[in-house]
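Encoded as structure tokens, the structure appears first; notes follow it.
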Amino acid sequence: MIVFSPLFSSPLFEFVLATLFLAAAFSLYQRRERGLMRALFSLVFALVIANPTITIRETKPLKSTVALVIDRSGSQTLSDRPSQNDRAVEEVKKKINALGSFETRVIDITDRNDEGTRVFTPLRDALADLPPEQIGGAILITDGVVDDVPKDAKNLGFTAPLHALITGHARERDRRVELLEAPPFGIVNRDVTLRIKVSDQGFNDPVPVTIQQDGKQIATIRAKPGDPLTVPISINHAGPSVIEIEAEAARDELTPINNRVVTTIEGIRDRMTVLLVSGIPHQGERTWRNILKSDANVDLVHFTILRPPEKQDGTPVNELALIPFPTKELFETKINEFDLIILDRFADMALLPPTYFANMVRYVRKGGAILIAAGPEFAGAESPAETPLRDLLPAFPTGTIIESEFLPRITADGQKHPVTRDLKGGASDPPQWGEWLRQIETGNISGTSVMSGAQDQPLLILRRDGEGRVALLLSDHVWLWARQFRGGGPHLDLLRHVAHWLMKEPALEEEALRAQSDKGRITIERQSMNEAVAPLTLTSPSGKDKSITLEPKAPGLWQTTITADETGLYKVTDGTLTAFASAGPSNPREFQDVLSTRDRLLTLFES
Numbered sequence: 000m001i002v003f004s005p006l007f008s009s010p011l012f013e014f015v016l017a018t019l020f021l022a023a024a025f026s027l028y029q030r031r032e033r034g035l036m037r038a039l040f041s042l043v044f045a046l047v048i049a050n051p052t053i054t055i056r057e058t059k060p061l062k063s064t065v066a067l068v069i070d071r072s073g074s075q076t077l078s079d080r081p082s083q084n085d086r087a088v089e090e091v092k093k094k095i096n097a098l099g100s101f102e103t104r105v106i107d108i109t110d111r112n113d114e115g116t117r118v119f120t121p122l123r124d125a126l127a128d129l130p131p132e133q134i135g136g137a138i139l140i141t142d143g144v145v146d147d148v149p150k151d152a153k154n155l156g157f158t159a160p161l162h163a164l165i166t167g168h169a170r171e172r173d174r175r176v177e178l179l180e181a182p183p184f185g186i187v188n189r190d191v192t193l194r195i196k197v198s199d200q201g202f203n204d205p206v207p208v209t210i211q212q213d214g215k216q217i218a219t220i221r222a223k224p225g226d227p228l229t230v231p232i233s234i235n236h237a238g239p240s241v242i243e244i245e246a247e248a249a250r251d252e253l254t255p256i257n258n259r260v261v262t263t264i265e266g267i268r269d270r271m272t273v274l275l276v277s278g279i280p281h282q283g284e285r286t287w288r289n290i291l292k293s294d295a296n297v298d299l300v301h302f303t304i305l306r307p308p309e310k311q312d313g314t315p316v317n318e319l320a321l322i323p324f325p326t327k328e329l330f331e332t333k334i335n336e337f338d339l340i341i342l343d344r345f346a347d348m349a350l351l352p353p354t355y356f357a358n359m360v361r362y363v364r365k366g367g368a369i370l371i372a373a374g375p376e377f378a379g380a381e382s383p384a385e386t387p388l389r390d391l392l393p394a395f396p397t398g399t400i401i402e403s404e405f406l407p408r409i410t411a412d413g414q415k416h417p418v419t420r421d422l423k424g425g426a427s428d429p430p431q432w433g434e435w436l437r438q439i440e441t442g443n444i445s446g447t448s449v450m451s452g453a454q455d456q457p458l459l460i461l462r463r464d465g466e467g468r469v470a471l472l473l474s475d476h477v478w479l480w481a482r483q484f485r486g487g488g489p490h491l492d493l494l495r496h497v498a499h500w501l502m503k504e505p506a507l508e509e510e511a512l513r514a515q516s517d518k519g520r521i522t523i524e525r526q527s528m529n530e531a532v533a534p535l536t537l538t539s540p541s542g543k544d545k546s547i548t549l550e551p552k553a554p555g556l557w558q559t560t561i562t563a564d565e566t567g568l569y570k571v572t573d574g575t576l577t578a579f580a581s582a583g584p585s586n587p588r589e590f591q592d593v594l595s596t597r598d599r600l601l602t603l604f605e606s
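Okay, so the sequence shown: first residue is 0 according to numbering that gives the first Met the number 0, each after it adds one.
Here it is as structure tokens:
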């Protein structure tokens, strides 16, 4: 093939060519001597500046590419589908190779990130480097459970033929549980409602469904396939509650994996009611009130005893500006409505009869909580230690009041306890906070001293009694921190931690086992007041047990992280404490519907 590549730009070349043509024509017209020579010269010159070249093109036919898309997702591992897959792949490759004019591009599809089976996006990406005319077609080997089917064939990215070989069998059976509705949160001591549905295509017999909460079976119900079912769940503690719902496996179904769903409901406390009784007005009273008022989760009931019995002067009650102290209502009728009772510099003062103090003892042992913030009254004859409350006290006054500067310090036990371990400024020696000026001396310690004060005396003592809890703060000078005396201190964190530990905040438990799953890894954490913790037993979703050894992370805290090799609920225990973690999606999309089908692809093939 001859190709012209003029030496000049197109307009100039055309002008020169026209000039030569006219000159040659004029010479021939005049029939002058050498006119023919001039015409031949013009022709040769025109050919030279036209720069003709001869191009010889050698072509070789290219093979068309056929995309072989192999579905190797989770649903393709069921029954005999893997062998069907392998036989189909081998047979298709053999037939394509036999044609000679095609080459095969294999695309393996797996399910990741709980997106189900995505076939067409990887197919388009794999063929993106080929011109459309070189694409000979695509063959899908799949069970038909595809989650990214284009609505129209125009969206495929090519116009070549598309074929699909469907694995599986015509009369497959699979029973599954669907979680239609599950709240992420629930109020402690109230019920939440889950909605589920059992699907069992072609079968209508009621199916036994087992419900477990935190590893314990709480109910067995019967569900009719196809009908939504409401399941009430009682949230009985703060923190995560792991709920498992499992339908009994059918004898001939494809897989029991989708017979179970797992969901986690975070138990949160409703607004907690705190009774603050201030026995004598003092500088620290406002500190307690401000802290409790600033807590959005607390409803505060505050009484200050401004007119104790010994100050009666005969003034008629109807002329007093003060309201009567509702002792019967607070300490008998409604005592169990309080989550915490704080006695701030409270003294007996003949205000309460012994029966009311006995009521407080029963209240604590049945799950209530009392915090005693002691002042000088605690060391006197009207001390709560002289009432039935003595049975709850973690320490008893010696009668001595220490009036001197001292730095509150976190004890060895306090370094392990979540209430005091992370107090800002407490880890250094000396602590980076201000001094207090008064402390009540005590003896007969029966609780855990987490802070010490003057003369190394216990300053803050925590104790469990029955199902309840007691805290004893042996100084009324915490308000100095709030007023930034000598630099102040973490009064807000300290008092809030103590109050929430008393009200059983899960994050502040001194003996706790926690497990949390994130991105295929499970973090296990053990909080303990002991010097060492025993190995844990980890039970996988398939029932396999494994011993786990934890590494120290901080005083009183051990931790480790493992890879979750299976999808489902993991259980970890030390024989006393138990925790659960759900690895992977609670209801994997890949296994929500595993029956082989042509229906999802049919609309594409018909478009």
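Even for Gly, the Cβ is constructed at its ideal location relative to N, Cα and C.
In its own chain, which residues sit with a C-beta less than 6 angstroms from the C-beta of residue i, not counting the 5 before and 5 after it?
i: residue 390; result: 360
i: residue 525; result: 512, 532, 549, 557
i: residue 320; result: With a pLDDT of 47 at residue 320, under the threshold of 50, the predicted position of this residue should be treated as unreliable, and no value is reported.
i: residue 237; result: 187, 266, 268, 505
i: residue 131; result: 157
i: residue 184; result: 265, 267
In chain order, what residues of the same chain lie with their CB nearer than 7 angstroms to the CB of residue i, ignoring the 5 residues before and after it?
i: residue 133; result: 61, 63, 64
i: residue 100; result: 62, 63
Compute the Euclidean distance between the alpha carbons of residue i and residue j, then round it to the nearest angstrom.
i: residue 155; j: residue 88; result: 22 angstroms
i: residue 445; j: residue 530; result: 19 angstroms
i: residue 1; j: residue 45; result: 15 angstroms
i: residue 42; j: residue 13; result: 14 angstroms
i: residue 464; j: residue 363; result: 7 angstroms
i: residue 656; j: residue 449; result: Shown here, the chain extends from 0 to 606; a query on residue 656 therefore has no answer.
i: residue 242; j: residue 299; result: 34 angstroms
i: residue 77; j: residue 589; result: 12 angstroms
i: residue 353; j: residue 538; result: 52 angstroms
i: residue 481; j: residue 437; result: 16 angstroms
i: residue 563; j: residue 536; result: 14 angstroms
i: residue 456; j: residue 211; result: 48 angstroms
i: residue 112; j: residue 591; result: 15 angstroms
i: residue 471; j: residue 342; result: 10 angstroms
i: residue 251; j: residue 218; result: 25 angstroms
i: residue 523; j: residue 571; result: 8 angstroms
i: residue 296; j: residue 492; result: 15 angstroms
i: residue 569; j: residue 262; result: 13 angstroms
i: residue 164; j: residue 90; result: 12 angstroms
i: residue 168; j: residue 174; result: 16 angstroms
i: residue 596; j: residue 170; result: 11 angstroms
i: residue 245; j: residue 79; result: 25 angstroms
i: residue 281; j: residue 388; result: 23 angstroms
i: residue 234; j: residue 127; result: 53 angstroms
How would you label residue i, buried or exposed, when you count the other beta carbons within 10 angstroms and need 16 or more for buried?
i: residue 542; result: exposed
i: residue 454; result: exposed
i: residue 604; result: exposed
i: residue 345; result: buried
i: residue 608; result: Past the boundaries of the shown model lies residue 608; the chain is included only from 0 to 606, so the question cannot be answered.
i: residue 358; result: buried
i: residue 119; result: buried
i: residue 380; result: exposed
i: residue 372; result: buried
Could you check which residue in the options has the C-alpha nearest to that of residue i?
i: residue 216; options: 252, 224, 407, 232; result: 232
i: residue 294; options: 54, 499, 562; result: 499
i: residue 146; options: 522, 109, 55, 177; result: 109
i: residue 255; options: 480, 164, 198, 372; result: 198
i: residue 259; options: 388, 481, 270, 206; result: 206
i: residue 98; options: 135, 121, 71, 105; result: 135
i: residue 51; options: 79, 10, 5, 39; result: 5
i: residue 159; options: 325, 373, 138, 21; result: 138
i: residue 574; options: 593, 124, 546, 334; result: 546
Who are the Cβ neighbours of residue i in its own chain at under 8 angstroms, not counting the five residues just before and after it?
i: residue 494; result: 286, 287, 290, 477
i: residue 412; result: 447, 448, 449, 528
i: residue 125; result: 66, 104, 106
Does residue i have its Cβ less than 8 angstroms from a Cβ in chain B?
i: residue 236; result: Note that chain B does not occur in the displayed structure, where there is just one protein chain.
Next item on the list: With a floor of 4 residues, list each alpha helix (DSSP H) that falls wholly inside the stretch 71-152, ordered by position along the chain.
Entry: Segments of the alpha helix (DSSP H) lying fully in the stretch 71-152: 80-98, 119-125.
Notebook entry, point to check: Can you list, in chain order, the stretches of the alpha helix (DSSP H) that have 4 or more residues and sit fully within the stretch 444-503?
Noted result: Runs of the alpha helix (DSSP H) inside the stretch 444-503: 478-481, 490-501.
Checklist line | Complete runs of the alpha helix (DSSP H) confined to the stretch 220-273 [at least 4 residues] | finding: Segments of the alpha helix (DSSP H) lying fully in the stretch 220-273: there are none.
Notebook entry, point to check: Can you list the beta strand (DSSP E) stretches of 3 or more residues lying completely in the stretch 391-434, in chain order?
Noted result: Listed in chain order, the beta strand (DSSP E) runs fully inside the stretch 391-434 are 395-401, counting runs of at least 3 residues.
Next item on the list: Run through the stretch 536-574 for me and flag every whole beta strand (DSSP E) of 3 or more residues, listed as ranges in chain order.
Entry: Runs found: 544-547, 550-553, 556-562, 567-572.
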